[in-house]
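**Q** Okay, so the sequence shown: first residue is 0 according to numbering that gives the first Met the number 0, each after it adds one.
We put the CB at the ideal spot given by N, CA and C, even for glycine.
Once you've had a glance at the structure underneath, I'll fire off some questions.
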Amino acid sequence: MSLLIDPSSIVEITPSAGVDAARHGWRAKCLQRLVRMGLPVPHSYAFSSDAVRAIAGGATLDSDQLATLFGPGGLVSVRPSAVDPAWGGPGTMLNVGINDERHAELVVTHGQDAADALYLGFVQSFAIHVARLDPDMFSDSEAGLQATLRAYQDETDDEFPQDPGRQLAEVLRSMARAWDGPTARLLRQAKGAPAQAPLGLVVQDMALAIGPGVTGSGTIQFIDQVTGLPRLTGRFREQEQGRSRGHGAATLYLTRDPRGLSLEEAAPEVFAELVRFGVAARERLREEMQIEFVVADGELSIIDATRVTRSSRASVRIAVALARDGIIPPQEAVMRVEPRAMSDLLHQQIDPRAPRDILARGINASPGAATGRIVFTAAAAQAAEARGERCVLARRETVPEDVRGMHASVAVLTVGGGMTSHAAVIARGIGLPCIVGASGIAIDTRARTLRAGGRIFHEGEEITIDGTSGEVLAGAAEMLEPALDDSFDQLLSWAGEFCRIGVRANADSPEDAQTALRFHAQGIGLCRTEHMFFDETRLPAMREMIFADTPEDRRLSLERLLPMQRSDFLALFGIMAGMPVTIRLFDPPLHEFLPHDREGMRELAESLDLPLSDVTRRVEELREFNPMLGMRGVRLGITVPEIYDMQARAIFEAAVEASRDGAQIVPEIMIPLVSARREVELVKARIETVAAKVRNEMRTDFTYRLGVMVETPRAALRAGDLAEQVSFLSFGTNDLTQMTYGLSRDDAGRFMSDYVGQGVYEDDPFHILDQDGVGELVAIGTERGRIANPDITISFCGEHGGNPESIAFCLRAGVSYVSCSPYRVPVARLAAAQESI
Ligand code: PEP
Ligand code: MG
0 MSLLIDPSSI VEITPSAGVD AARHGWRAKC LQRLVRMGLP VPHSYAFSSD AVRAIAGGAT
60 LDSDQLATLF GPGGLVSVRP SAVDPAWGGP GTMLNVGIND ERHAELVVTH GQDAADALYL
120 GFVQSFAIHV ARLDPDMFSD SEAGLQATLR AYQDETDDEF PQDPGRQLAE VLRSMARAWD
180 GPTARLLRQA KGAPAQAPLG LVVQDMALAI GPGVTGSGTI QFIDQVTGLP RLTGRFREQE
240 QGRSRGHGAA TLYLTRDPRG LSLEEAAPEV FAELVRFGVA ARERLREEMQ IEFVVADGEL
300 SIIDATRVTR SSRASVRIAV ALARDGIIPP QEAVMRVEPR AMSDLLHQQI DPRAPRDILA
360 RGINASPGAA TGRIVFTAAA AQAAEARGER CVLARRETVP EDVRGMHASV AVLTVGGGMT
420 SHAAVIARGI GLPCIVGASG IAIDTRARTL RAGGRIFHEG EEITIDGTSG EVLAGAAEML
480 EPALDDSFDQ LLSWAGEFCR IGVRANADSP EDAQTALRFH AQGIGLCRTE HMFFDETRLP
540 AMREMIFADT PEDRRLSLER LLPMQRSDFL ALFGIMAGMP VTIRLFDPPL HEFLPHDREG
600 MRELAESLDL PLSDVTRRVE ELREFNPMLG MRGVRLGITV PEIYDMQARA IFEAAVEASR
660 DGAQIVPEIM IPLVSARREV ELVKARIETV AAKVRNEMRT DFTYRLGVMV ETPRAALRAG
720 DLAEQVSFLS FGTNDLTQMT YGLSRDDAGR FMSDYVGQGV YEDDPFHILD QDGVGELVAI
780 GTERGRIANP DITISFCGEH GGNPESIAFC LRAGVSYVSC SPYRVPVARL AAAQESI
């Protein structure tokens, strides 16, 4: 004897019934809201997830339950009702209960044709989804009813079930079991559902969409799901419902349209009622809904409503419009938008409806999409720009000399590299779509070809880079323009009201600073000063300084660099108008400023008026086996202290000048790559000396804040020593990750996907902060720093500062602010607000 289903686990959906989204699913709850609004919803019953589990285990309905469920119409639909609509569910089954007898009645009431179409549709669905017969045999909507019933009998050796109770029991069981199948489980887990996600089911009286008069089924929504702008869209299918198509089936427009018939003309009252219901549903359900309806001989039924699926830009516009209309509070609008969606608004995106010819995949290092002609060198990129052509710079890796070429390109593609490699960091900084680590691509710079998936592309051929998805596409793709509209600004302003953690930007140039402000950054948390020297006009002076043989020569070339730096800082202070600006002293190894090939060295020898051998010798002298762990950061500051002296002077002079016409600027100076207390003592003493000199020379007083980057494990462990001497500690989690793992940030891309694929690392630690390891160092550093100096400000300025998961960690760790690339600031602000609410 089989178990019976507990009657309390099935409820009729009435205004006062205990329908609960967690037990009965979102669809059941949504239908109850529609019922409460007084909309014409057919009788519906909600099966709880307990009932569905029992059904999957073999439990059945008793005859009373069956009689109640079928109601007077004798036909029902069964729909899935998961807790979250995104988790999907088995397909809806319509017209359960139809049999020879009911068919004969329908012939009388609805006509032969309608009756046949409704019966046929159900037999086909049942054959495919319940009896699991070959879909090819049961998919033809033109097939005859009798032939299909015979085919069913031939395939199953059994008559098509005539008992409505048996039909319903089998439909329910097959839907309950389909939910537990491996494919459904994997699909919903990919959308964030827990493995044991519950399923509810809804059994609803059928509103028949095939029959006499104006009859059909349709959907209506009031918003464009791509743009998020108001637009009434949908369709009305006359004489059609699911897979059943009656005689005269046709698709109508909803509103009057010169191209053809519309529901508005065919049934104006029904249309007006639908629009009224739509407006009411938006207010009561507090969401943009797509409404599913049936018109049966001019009578309207609302059978379902689902949240409109939407693009990123639409999600922002919809949330803001709902809040502006007073339907939801601003706080809820902030919570409703996925932070990552913000970055889609800042850039061109490939139209989600457009076809894609995918050539290769890599790491999605900087979002947005662009189409351009392939070039293989920075010089070719600049030449293309000069001709007014859009180009994509494709390199094995980029080096600092490629920066100008990157600026001249619309997108960047590298075969090697990872999330924090040179190309990735620069591209994010300037908002350029970028894919790195596209290891399936081979570049031949001599032949000027790019090979991918067995295809060869020559210089000048068009490709598209989708930096949001990490896909490289052949040819051009249809694009959506950025959507930096007033909804975007409004959402960011609301987010700002709720943030409990600050968001600054990593900005090295006036353009970066403007972008940062445009995106509501609250200051600059990291200005990488070395980027200021890669400019064509600066590089010669920098190289001259590197080639200086005597301290006097070095002093002279630094004197040339001083006014350039001063004007850089003055510009940043001016744009940021009193907001904090953190300037990091010079960080990279000097050899990065030197040419790497013979041609470059020859040019350099010429411009410095030196023999080529001197240039090659100097380049050779500066070569290091492991430059990332070599003469860089504070080590350079200690061994060639004149560079930091010059930078400190430029900062102070610019701060004094910028303070003349406004509020006092308090610059923040940051020392990179520290690992020992004495390093800070030495640099601090020299900076104090420079400050004293500038005060004296300019006859004015000023203050500044000195800080240290915590980028080495030792700095984190000895944060107490460091904190005693400075006002702030800023975790540089790019280097800290590199050094904690012993993993090169420039080379990790080569094996990262294997590592993540095989579960060695859960995620790319350069992308999402490794909370267990690097995070522990952050926690230790924060705690020790605070004990030694309770007033210390703790911040984050690695790329992780723009990553929502890492921001959540920062908030828990008590970090005051994060700083990230300007184009990541909107994502960070929204994530920070959501974590704070
Ligand atoms: C870091 O290491 O996290 C950092 C911000 O510095 P950079 O990326 O310039 O090395
Ligand atoms: Mg660093």
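#1: Could you compute how far the alpha carbon of Leu144 sits from the alpha carbon of Pro160?
#2: Using a Cβ-based criterion (distance less than 7 Å to any ligand heavy atom), does Pro671 qualify as near ligand 2?
#3: On a CA-only basis, which of Ala114, Asp552 and Thr91 is nearest Glu100? Give me that one, please.
#4: For a quick check, are the C-beta atoms of Gly841 and His109 less than 8 Å apart?
#5: Helix, strand or coil: which one does DSSP assign to Ser300?
#6: Starting from His109 and walking both ways along the alpha helix (DSSP H), at which residues does that stretch end?
#7: Residue range of the alpha helix (DSSP H) that Arg704 falls in?
#8: Below 8 Å on the Cβ atoms is my contact criterion, and I expect Thr218 with Gly233 to pass it. Report the Cβ-Cβ distance as a whole number of Å.
#9: Where in the region 327-378 do unbroken runs of the alpha helix (DSSP H), each at least 4 residues long, occur, reported from the N-terminal end onward?
#10: Would Val502 pass as a contact of Val817 if the rule is Cβ separation under 8 Å?
#11: Within the chosen definition, does the region 336-348 reach the region 412-424 through at least 3 CB pairs nearer than 8 Å?
#12: Can you look up Pro79 in the DSSP assignment and give me helix, strand or coil?
#13: For Gln31, collect the residues of the same chain with a Cβ closer than 6 Å to its Cβ; drop the 5 residues on either side in sequence, then sort them by chain order.
#14: Given a threshold of 16 other Cβ atoms within 10 Å of its Cβ, counted over all protein chains shown, does Asp135 qualify as buried or as exposed?
#15: With distances taken Cα to Cα, identify the nearest neighbour of Met541 among Pro550, Asp548, Leu557 and Asp552.
#16: Is His595 buried or exposed, if buried means 16 or more other CB atoms sit within 10 Å of its CB?
#17: Measuring CA to CA, which of Leu829, Leu431 and Arg176 is closest to Gly371?
#18: Pull up the distance between the alpha-carbon of Arg717 and that of Ala570, whole angstroms please.
#19: Counting Cβ pairs, one atom from each stretch, are 3 or more of them under 8 Å apart for the region 452-468 and the region 480-491?
#20: Please confirm whether Val269 and Gly297 have their CB atoms less than 8 Å apart.
#21: Could you check whether the Cβ of Val424 sits closer than 7 Å to any heavy atom belonging to ligand 1?
#22: So if DSSP puts Leu2 in a beta bridge, which residue, or which two residues, is it bridged to?
#23: Taking only the alpha-carbon atoms, compute the straight-line gap between Phe730 and Glu775 and give it to the nearest angstrom.
#24: At what residues does the beta strand (DSSP E) containing Asn802 begin and finish?
#25: Using a C-beta cutoff of 8 Å, does Arg149 count as contacting chain D?
#26: Where do the ends of the beta strand (DSSP E) carrying Asp465 lie?
#27: Below 8 Å, can you find three or more Cβ-Cβ pairs linking the region 685-697 to the region 733-753?
#28: Please enumerate, following chain order, all residues with a beta carbon closer than 5 Å to at least one heavy atom belonging to ligand 2.
#29: Between Arg503 and ligand 1, is there a pair consisting of the residue's CB and a ligand heavy atom that are separated by less than 7 Å?
#30: Please determine whether the Cβ atom of Asp507 lies at a distance below 7 Å from any heavy atom of ligand 4.
#31: Assuming Val773 contacts Leu735 under a Cβ cut-off of 8 Å, what Cβ separation, rounded to an integer in Å, is found between them?
#32: Going by alpha carbons, who is nearest to Val580 out of Ala515, Asp133, Gly599 and Ala691?
#33: Starting from the Cα of Ser124, find the closest Cα among Glu141, Leu105 and Gly90 and give me that residue.
#34: Along the beta strand (DSSP E) that carries Asn505, what are the first and last residues, could you check?
#35: Report the option in Glu282, Cys819 and Thr739 whose CA atom is closest to the CA atom of Gly522.
#36: Which residues in the same chain as Gln348 place their Cβ atom closer than 6 Å to its Cβ, once the five residues preceding and following it in sequence are excluded?
**A** Concretely, from the data shown:
#1: Position 145 of the sequence shown, counting from 1, holds the residue named residue 144. Position 161 of the sequence shown, counting from 1, holds the residue named residue 160. Using only the alpha carbons, I get a separation of about 15 Å.
#2: Numbered from 1 along the sequence shown, position 672 holds the residue referred to as residue 671. At least one heavy atom of ligand 2 is nearer than 7 Å to the Cβ of Pro671, so yes.
#3: Walking along the sequence shown from the start, residue 100 turns up at place 101. Answer by Cα proximity: Ala114.
#4: Nothing in the structure corresponds to residue 841, since the chain is present only between 0 and 836.
#5: Taking the sequence shown and counting its residues from 1, the one referred to as residue 300 is at position 301. Three-state result, Ser300: strand.
#6: Within the sequence shown, residue 109 is the residue found at index 110, counting from 1. Here the alpha helix (DSSP H) through His109 covers Asp99 to His109.
#7: For the purposes of this step, residue 704 is taken as the residue at position 705 of the sequence shown. Looking at the DSSP string, Arg704 is not in any alpha helix (DSSP H); the run it does join, the beta strand (DSSP E), is Arg704 to Val709.
#8: If you number the sequence shown from 1, residue 218 lands on position 219. If you number the sequence shown from 1, residue 233 lands on position 234. Between Gly233 and Thr218 the Cβ distance is about 5 Å, and since that is below 8 Å, they are a contact.
#9: 329-335 and 338-345
#10: As a working mapping, residue 502 is identified with position 503 in the sequence shown. As a working mapping, residue 817 is identified with position 818 in the sequence shown. The answer is yes: Cβ separation under 8 Å.
#11: no
#12: What you label residue 79 is simply residue 80 of the sequence shown in a count that begins at 1. The answer is strand: DSSP assigns Pro79 an E or B state.
#13: Numbered from 1 along the sequence shown, position 32 holds the residue referred to as residue 31. The answer, listed in chain order, is Ile12 and Val18.
#14: For the purposes of this step, residue 135 is taken as the residue at position 136 of the sequence shown. Burial call: exposed.
#15: Mapped onto the sequence shown, residue 541 falls at position 542. Cα-wise, what sits closest to Met541 is Leu557.
#16: Stepping through the sequence shown from its first residue, residue 595 is reached at position 596. So His595 ends up on the exposed side.
#17: One-based indexing of the sequence shown puts residue 371 at position 372. Of Leu829, Leu431 and Arg176, the residue nearest in Cα terms is Leu431.
#18: Here residue 717 corresponds to residue number 718 of the sequence shown, with the count starting at 1. Here residue 570 corresponds to residue number 571 of the sequence shown, with the count starting at 1. Taking the straight line joining both Cα atoms gives about 36 Å.
#19: no
#20: As a first step, residue 269 must be located in the sequence shown, where it is residue number 270. As a first step, residue 297 must be located in the sequence shown, where it is residue number 298. Cβ atoms of Val269 and Gly297: closer than 8 Å.
#21: Start at 1 with the first residue of the sequence shown, and residue 424 comes out as number 425. At least one heavy atom of ligand 1 is nearer than 7 Å to the Cβ of Val424, so yes.
#22: Against the sequence shown, residue 2 aligns to sequence position 3. Paired residue(s): none; Leu2 is not in a bridge.
#23: In the sequence shown, the residue the question calls residue 730 occupies position 731. In the sequence shown, the residue the question calls residue 775 occupies position 776. Cα to Cα, the separation comes out at about 12 Å.
#24: Position 803 of the sequence shown, counted from the first residue, corresponds to residue 802. Where Asn802 is concerned, there is no enclosing beta strand (DSSP E), given that its DSSP letter is neither H nor E.
#25: Structure shown: chain D not included; a single protein chain is present.
#26: Along the sequence shown, read from residue 1 onward, the residue named residue 465 stands at position 466. Asp465 -> beta strand (DSSP E) spans Glu461 to Asp465.
#27: no
#28: Glu710, Gly731 and Asp734
#29: In the sequence shown, counting from the first residue as 1, residue 503 sits at position 504. No, the Cβ of Arg503 stays beyond 7 Å of every heavy atom of ligand 1.
#30: Ligands present in the displayed structure are limited to ligand 1 and ligand 2, and ligand 4 is not among them.
#31: On the sequence shown, position 774 is the one that residue 773 refers to. On the sequence shown, position 736 is the one that residue 735 refers to. So it is a contact: roughly 6 Å between Cβ atoms.
#32: Along the sequence shown, one-based indexing puts residue 580 at 581. Closest by alpha carbon: Ala515.
#33: As a position in the sequence shown, residue 124 is number 125, starting the count at 1. The residue with the shortest Cα to Cα distance from Ser124 is Gly90.
#34: What you label residue 505 is simply residue 506 of the sequence shown in a count that begins at 1. First-last of the beta strand (DSSP E) with Asn505: Gly501 to Asn505.
#35: Counting from one through the sequence shown, the residue named residue 522 turns up at place 523. Ranking Glu282, Cys819 and Thr739 by Cα distance to Gly522 puts Cys819 first.
#36: Mapped onto the sequence shown, residue 348 falls at position 349. Taken in chain order, the residues that qualify are Ala368 and Leu479.
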